[in-house]
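Data first, discussion second: the structure below is written as C-alpha cells.
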C-alpha cells in the first residue's frame, strides 16, 4: 500500500501489481500510543476479524514506492535504503519481539505467542 499525503492518493498493490486506488485523507503513524487503533500488523480494528494467511515481512517507507520498485524488490531490500523507516522479518521464533531491521528501532511486540510456519517463495 502507498499513500501520498499531499495528493491523498492511496494505492494497494499485491505482488507489485496495482489492485485498487482511492483518494482519502488519512493520518498514519507507526508509533503506538496506547489508545485504540495503534499501528498493528496482522490485526483488524476489532477482535471479531482475523488474518487468514501468513506474513513473511512488512516494510514501511516515508517515500512513495512505484509499482516497479515494489515489483523489483519483492524478495529482498537493503535495510539501509533511503526512506525505509521500518522493516520487519517474521523469522525469529525466540521471543515476542519482532525486530526492526531498518535500524530505526521500531521493534514490534506480539501480544501472544506467534505461530510460525515455514514458507517457500514463488520463483521471481
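Numbering (this note's numbering), first residue to last: 3 to 126. We put the beta carbon where it would ideally sit given N, CA and C, even for glycine.
The alpha helix (DSSP H) enclosing residue i, as first and last residue numbers
i: residue 70; result: 69-74
Same chain, Cβ closer than 6 Å to residue i, five either side skipped, listed in chain order
i: residue 15; result: 72
i: residue 81; result: 89, 103 and 104
i: residue 112; result: 98
i: residue 118; result: 95
Residue span of the beta strand (DSSP E) that contains residue i, given as start and end
i: residue 90; result: 86-91
i: residue 118; result: Neither: residue 118 is in no beta strand (DSSP E) and is coded neither H nor E.
i: residue 61; result: 59-63
i: residue 52; result: Run containing residue 52: none; DSSP gives neither H nor E here.
i: residue 4; result: 4-6
Residues near residue i by beta carbon distance below 8 Å, same chain, minus five either side
i: residue 65; result: 84 and 85
DSSP three-state assignment for residue i, whether helix, strand or coil
i: residue 21; result: strand
i: residue 16; result: strand
i: residue 43; result: coil
i: residue 9; result: coil
i: residue 102; result: strand
i: residue 82; result: coil
For residue j and residue i, the rounded distance between their alpha carbons
i: residue 57; j: residue 6; result: 24 Å
i: residue 122; j: residue 77; result: 11 Å
i: residue 23; j: residue 13; result: 4 Å
i: residue 75; j: residue 17; result: 10 Å
i: residue 91; j: residue 101; result: 7 Å
i: residue 21; j: residue 3; result: 10 Å
i: residue 32; j: residue 46; result: 15 Å
i: residue 8; j: residue 69; result: 19 Å
i: residue 51; j: residue 42; result: 14 Å
i: residue 55; j: residue 120; result: 13 Å
Residues near residue i by beta carbon distance below 7 Å, same chain, minus five either side
i: residue 44; result: 53 and 57
i: residue 109; result: 99, 100, 101 and 102
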